[in-house]
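Under our numbering, think of the first position of the sequence shown as 12, with each following residue one higher.
Below: the structure, in C-alpha cells.
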Amino acid sequence: MGGLEGSAVTAVRIAGVNHEYATIPGVREDVLDILLNCKQISVDSRSQELEIGRLVVTGPAEVKAKDIQFSSQVEVVDGDRPIATVQEGHNLELEIHVERGVGYRPVDRRNEETSAIDLLQIDAVFMPINRVNFTIDETAVAEGGSTRERLKMELVTDGSTSPDDALAEAANQLIELFQPLATVSMVEEIPEEPEPAAEAQIPLEELNLSVRAYNCLKRAQVNSVSDLMGFSYEDLLEIKNFGSKSADEVIEALERIGISIPQSRTSA
Numbered sequence: 012m013g014g015l016e017g018s019a020v021t022a023v024r025i026a027g028v029n030h031e032y033a034t035i036p037g038v039r040e041d042v043l044d045i046l047l048n049c050k051q052i053s054v055d056s057r058s059q060e061l062e063i064g065r066l067v068v069t070g071p072a073e074v075k076a077k078d079i080q081f082s083s084q085v086e087v088v089d090g091d092r093p094i095a096t097v098q099e100g101h102n103l104e105l106e107i108h109v110e111r112g113v114g115y116r117p118v119d120r121r122n123e124e125t126s127a128i129d130l131l132q133i134d135a136v137f138m139p140i141n142r143v144n145f146t147i148d149e150t151a152v153a154e155g156g157s158t159r160e161r162l163k164m165e166l167v168t169d170g171s172t173s174p175d176d177a178l179a180e181a182a183n184q185l186i187e188l189f190q191p192l193a194t195v196s197m198v199e200e201i202p203e204e205p206e207p208a209a210e211a212q213i214p215l216e217e218l219n220l221s222v223r224a225y226n227c228l229k230r231a232q233v234n235s236v237s238d239l240m241g242f243s244y245e246d247l248l249e250i251k252n253f254g255s256k257s258a259d260e261v262i263e264a265l266e267r268i269g270i271s272i273p274q275s276r277t278s279a
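Listed below in C-alpha cells is the structure:
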C-alpha cells in the first residue's frame, strides 16, 4: 500500500512572508499553523505536472480548503478543512503547489536554498492510505473436513481514492512484481574444480627427509606432497621397510608446511 501513487501539497507561497516562523498581520494562525493545515489537505491531481492553486481573501473570513482555486485537473477532497482565520480589513493571499508522487518526500534543503525565497517547502506525504489492518479468521469446516481461512482487510484512505481502487492497484503491483518468476529459467551452476594448494605441489625432495625414509617412499611411487596426502599414518607403516620412526618423520615434515594426515585409514 505504501507504493501507491498519490497527490500532496508540496509548497506554499504566502504574500509578504519569506520564512515559516513569521506571523501575518490580521491572521489568527501563524505561518507554521497555515503550512500544517495546507499539508493536511487531501487532494487528487490527475496531472503528472505541477499544479498551482491560488487564494485571495479579504476578512473577515474563515478560509477553508474549498476556497483554493485549482484547475480542473485537481480536486480538493476535504473542502471543509480550515486553513486560516482572517480578521476584518486584512487580506490573505496564498499560492498552493500540488504534485503527484509515491511515499514520503522530505524537504531537500539543498534545493530549498536555490528556490524562491518566499516559496515555503513542505514535507510531502503522497500515500493515499491512512491506515491498513487485517485479520485472519477460521471459517466453518469445508467439504472434506479441512478448515478454511478468511482474510479481512480494513483500509482507510484520505478520500482521494476508494479502498476498492487502492486494493486493486496494490494487487496489480504485486502481480507485476511476481509475474517474471513464472517464466524464469533455472541455470545449473557447475562448481569449479578447486585448484590444488601450492603446498601439495612440493616435491618429495624438499621435505628434507632421511635417506631411508626418502628411498622407501620413492619405491612406493610417492613423488610429492600431494601423493602423501592420500596416506594415513597406518598406510605409511605398511610401506615396506618403513617403520614408525620414518612415519613420525614424515608427519613432522608435513606439519611444518601446514598439512596433516589422519592416523587411520577411513573405511569405505
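All residues carry an ideal CB built from backbone N, CA and C; glycine is no exception.
Residue i by DSSP, collapsed to three states: which one?
i      : result
Ala264 : helix
Leu66  : strand
Ser278 : Annotation note: pLDDT 49 at Ser278 (below 50); position unreliable, no value reported.
Ala231 : coil
Asn141 : strand
Asn48  : helix
Tyr115 : strand
Asn29  : coil
Asp169 : coil
Val42  : helix
Arg58  : Just to set this straight, residue 58 is Ser in the shown sequence, not Arg. Residue state, collapsed to three classes: coil.
Asp259 : helix
Arg92  : coil
Glu245 : helix
Asn102 : strand
Ala127 : coil
Ser271 : coil
Asp238 : helix
Lys251 : coil
Expressed to the nearest angstrom, what Euclidean distance is found between the alpha-carbon atoms of residue i and residue j?
i      : j      : result
Gly241 : Leu192 : 46 Å
Ala95  : Phe145 : 37 Å
Leu130 : Glu31  : 10 Å
Gln59  : Glu16  : 11 Å
Asn219 : Lys229 : 14 Å
Ile250 : Asn226 : 11 Å
Gly254 : Gly269 : 23 Å
Glu106 : Glu165 : 36 Å
Leu265 : Ala231 : 18 Å
Pro273 : Ser257 : 16 Å
Val54  : Met138 : 11 Å
Ala224 : Leu239 : 13 Å
Arg57  : Phe189 : 28 Å
Glu40  : Thr158 : 58 Å
Ser171 : Gly114 : 15 Å
Asp6   : Asp175 : Here the chain comprises residues numbered 12 to 279, so residue 6 is not present and cannot be evaluated.
Gly64  : Ile45  : 15 Å
Glu149 : Gly14  : 30 Å
Glu263 : Pro202 : 34 Å
Below 9 Å between beta carbons: does that hold for residue i and residue j?
i      : j      : result
Pro88  : Phe81  : The sequence shown places Val at residue 88, rather than the Pro named in the question. No, the Cβ-Cβ distance between Val88 and Phe81 is not below 9 Å.
Cys49  : Val20  : yes
Lys163 : Ile147 : yes
Pro214 : Ser235 : yes
Gln84  : Glu62  : yes
Ile133 : Ala33  : no
Ala135 : Arg116 : yes
Ile186 : Leu103 : no
Val72  : Ile52  : The sequence shown places Ala at residue 72, rather than the Val named in the question. No; because the gap between Cβ atoms is not below 9 Å, this pair is not in contact.
Val143 : Gln98  : no
Ala243 : Arg276 : A quick correction: the sequence has Ser, not Ala, at residue 243. Yes.
Gly112 : Ser18  : yes
> With a cut-off of 8 Å, do at least 3 Cβ pairs link the segment 25–43 to the segment 180–194?
Replying inline: no
> What are the start and end residues of each continuous alpha helix (DSSP H) run of 4 or more residues lying completely inside the segment 172–217, in chain order?
Replying inline: 174–189
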